[in-house]
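Q: The sequence shown begins at 0 in numbering that gives the first Met the number 0 and counts up by one.
The beta carbon of each residue, even a glycine, is placed where N, CA and C say it ideally should be.
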Amino acid sequence: MSRVALVSLGGAGTSIMREIIKISKSDIDLYNVNTKEILEGAKFFGYEELEILADELRSYECVVMTAGLGSTGGDALVKLYGMLDSVRKICFVVSPFYFEIERLMRSRSQIGYLVNENFEGAVVSLNTILDRGLELDKKKLEKAIVRFDREMATMILDMIPELE
0 MSRVALVSLG
10 GAGTSIMREI
20 IKISKSDIDL
30 YNVNTKEILE
40 GAKFFGYEEL
50 EILADELRSY
60 ECVVMTAGLG
70 STGGDALVKL
80 YGMLDSVRKI
90 CFVVSPFYFE
100 IERLMRSRSQ
110 IGYLVNENFE
120 GAVVSLNTIL
130 DRGLELDKKK
140 LEKAIVRFDR
150 EMATMILDMI
160 PELE
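(1) If you drop the 5 nearest sequence neighbours on each side, which residues of the same chain put their C-beta closer than 6 Å to that of residue 64?
(2) Does the beta carbon of residue 147 come closer than 8 Å to any beta carbon on chain D?
(3) Would you say residue 62 and residue 93 are within 8 Å of each other, going by their C-beta atoms?
(4) Should the region 66-75 be called in touch with the region 101-114, which here means at least 3 C-beta pairs below 8 Å?
(5) Give the C-beta separation of residue 155 and residue 25 to the nearest angstrom, bearing in mind that I take them to be a contact with Cβ-Cβ under 8 Å.
(6) Pull the bridge partners of residue 8 from the DSSP assignment, please.
(7) Quick check on the DSSP output: the alpha helix (DSSP H) that includes residue 96 runs from which residue to which?
(8) Between 11, 141, 21 and 22, which lies nearest to residue 211 when the distance is taken from Cα to Cα?
(9) Considering residue 121, what are the terminal residues of the beta strand (DSSP E) in which it resides?
(10) Short of 7 Å in beta carbon distance, which residues of its chain neighbour residue 102, apart from the five on each side in sequence? Order them along the chain.
(11) Label residue 85 either buried or exposed according to how many other C-beta atoms from any shown protein chain fall within 10 Å of its C-beta, with 16 as the threshold for buried.
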């Protein structure tokens with residue numbers, strides 16, 4: 000068993016984990032929390048199984064988590080984060096676009112739970128990929144999100160060797 004576990008939660012976390020699986024050459028223990036099992040190579044847990052997952056993750060020295068904020072994945076990350084008191088936690092989370100008002104408000108509450116003096120990780124806004132008119136072109140926006148996911152995956156994978 001590795002000393003580091005990587006956990007993706009929800010849709011955005013799963014998209015980032017998919018990119019990690021594509022580009023990773025390291026042997027990391029991967030976990031995915033979602034409504035259904037869709038990632039090959041990651042151990043699956045449903046949202047209702049967070050306590051079981053937390054029990055398993057407590058055996059690691061460090062747990063790296065990734066999720067999109069503002070929805071169920073962000074809620075699950077906040078809950079799991081609170082369950083792992085004795086484990087080092089590093090979070091790479093994505094905040095929603097400025098035009099996703101309800102998700103943006105929900106994400107601010109989630110950030111409030113996560114970001115404190117012990118927080119390690121990054122909060123990256125999807126707004127960073129927008130340029131003039133991109134949000135109006137669905138095909139270009141989808142491609143930009145895939146590039147964003149790949150960049151997040153690379154950032155996470157670049158950090159993992161320092162933890163092992």
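A: Here's the rundown:
(1) Translated into positions along the sequence shown, residue 64 becomes position 65. Cβ within range, chain order: 6, 76 and 90.
(2) Protein chain content of the structure displayed is limited to a single chain, and chain D is not contained in it.
(3) Mapped onto the sequence shown, residue 62 falls at position 63. Mapped onto the sequence shown, residue 93 falls at position 94. No; because the gap between Cβ atoms is not below 8 Å, this pair is not in contact.
(4) yes
(5) Reading the sequence shown from its first residue, position 156 is the one you call residue 155. Reading the sequence shown from its first residue, position 26 is the one you call residue 25. Not really, about 11 Å apart at Cβ, beyond 8 Å.
(6) In the sequence shown, the residue the question calls residue 8 occupies position 9. Paired residues: 32 and 66.
(7) Residue 96 sits at position 97 when you count from the first residue of the sequence shown. First-last for residue 96: undefined, no H or E at that position.
(8) Absent from the model: residue 211. The displayed extent of the chain is 0 to 163, so no value can be given.
(9) Position 122 of the sequence shown, counted from the first residue, corresponds to residue 121. Residues 120-124.
(10) One-based indexing of the sequence shown puts residue 102 at position 103. Excluding positions up to five away in sequence, the list reads 69, 70 and 95.
(11) In the sequence shown, the residue the question calls residue 85 occupies position 86. Under this definition residue 85 is an exposed residue.
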